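See below for the structure under consideration.
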Amino acid sequence: MVRRDGRAPDQLRPITIEIGAAPYAEGSALIACGNTRVLCTATIEDGVPAWMRGQQGGWVTAEYAMLPRATLQRSRRERNGPSGRTQEIQRLIGRSLRAAIDLHAIGERTITIDCDVLQADGGTRTASISGGYVALALAVDHLVRSGAVETYPTLTPLAAVSVGMIRDALLLDLCYEEDSQADLDCNVVMNINGAFIEVQATAERTPVARAQLDALLDLAARGIQQILATQAAALATVLPNNAMSSAASP
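Shown next as structure tokens:
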């Protein structure tokens, strides 16, 4: 099928990652995936949730929000607390990023990753995870540089991407128009070792055969490898060599 932007079915949208987009944060990255743009910032605070105290480990959590004019029509700010959709996305981002880090190595500290969608054209949650990992890696580097921890905690790079099926065509990295038409849409989170962290898949109209789902996961894996390479290239511009080795495959 011919895609709106002329991409091949297995082609990612152009992806860029700007390091240090929010200089006051302990780590930040502005990720752009086509017309989707998300600012990811990391904040380090002493202490952990009450249920974790005394366990000699840290915590990583996430918050997600969409600016009112990130979309074609203005959306209302969530002044009375996050909606169910927002909560679900926040939990996905937090779960994913906790899988990337040795929480015991950061001590009793909480790292909060804020993901603010500046412009939305599909794939905001997957972009938040991919950009959030970069912000997390920079926050860990800040911990070491400040002397808060002595050695770089092990980080296992991860990224996320969407895949979908429209009229039996398998597509990588869906924009909003494609996502709204998809017979199946799927968000995949994987690490650099090829291990799955989360798979969210929903058939909108017709049940999907196992072979088609397997093909979609293979397609996602190829896309994620490209995103991981973009992350590594961005981090290599600011992190020392020993930090980069901690952010590679263990």
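Numbers given in this note's numbering equal positions in the sequence shown, counted from 1, plus 132.
Glycine included, C-beta positions come from ideal geometry on N, C-alpha and C.
From a predicted model like this one, the values you see are computed outputs, not experimental measurements.
- The Cβ-Cβ distance between Q251 and R145 does not fall below 8 Å.
- Cα atoms of A314 and R139: separation of roughly 16 Å, rounded to the nearest angstrom.
- Contact check between the segment 210-220 and the segment 268-283: fewer than three CB pairs, one atom from each, fall below 8 Å, which does not count as touching.
- Residues G189, G190, W191, V192 of the same chain have their beta carbon placed closer than 8 Å to that of L235, with the five preceding and five following residues left out of the count.
- Annotation for G264: no beta strand (DSSP E) segment contains it, though the alpha helix (DSSP H) segment containing it runs 256-277.
- Under the three-state reduction of DSSP, R241 is assigned to strand.
- In the three-state DSSP reduction, A232 falls in the coil class, being neither helix nor strand.
- Nearest C-alpha to D300 among L345, I238, A202, R227: L345.
- D137 carries a coil assignment under DSSP once its states are collapsed to helix, strand and coil.
- Taking a cut-off of 8 Å on C-beta distances, the segment 231-246 does not touch the segment 205-215, as fewer than three cross pairs fall below it.
- In this structure, the alpha-carbon of T286 lies about 27 Å from that of T256.
- By the 16-neighbour rule on beta-carbons within 10 angstroms, Q222 is buried.
- In the structure shown, the three-state DSSP call for S294 is strand.
- Secondary structure note for E336: it is in no alpha helix (DSSP H), with a DSSP letter that is neither H nor E.
- Per DSSP, the continuous beta strand (DSSP E) segment holding L303 begins and ends at 301-304.
- For a cut-off of 8 Å, the C-beta gap from L224 to E330 is around 6 Å, short enough to register as a contact.
- Contact annotation: A352 and V295 have beta-carbon atoms nearer than 8 Å.
- In the displayed model, S160 falls within a strand according to three-state DSSP.
- With fewer than 16 other Cβ atoms inside 10 Å of its own Cβ, N325 counts as exposed.
- As the crow flies, the alpha-carbon of E195 is around 35 Å from that of A341.
- As computed with DSSP, A197 is found in a beta bridge with D248.
- As a beta-bridge residue in DSSP terms, E150 pairs with L162.
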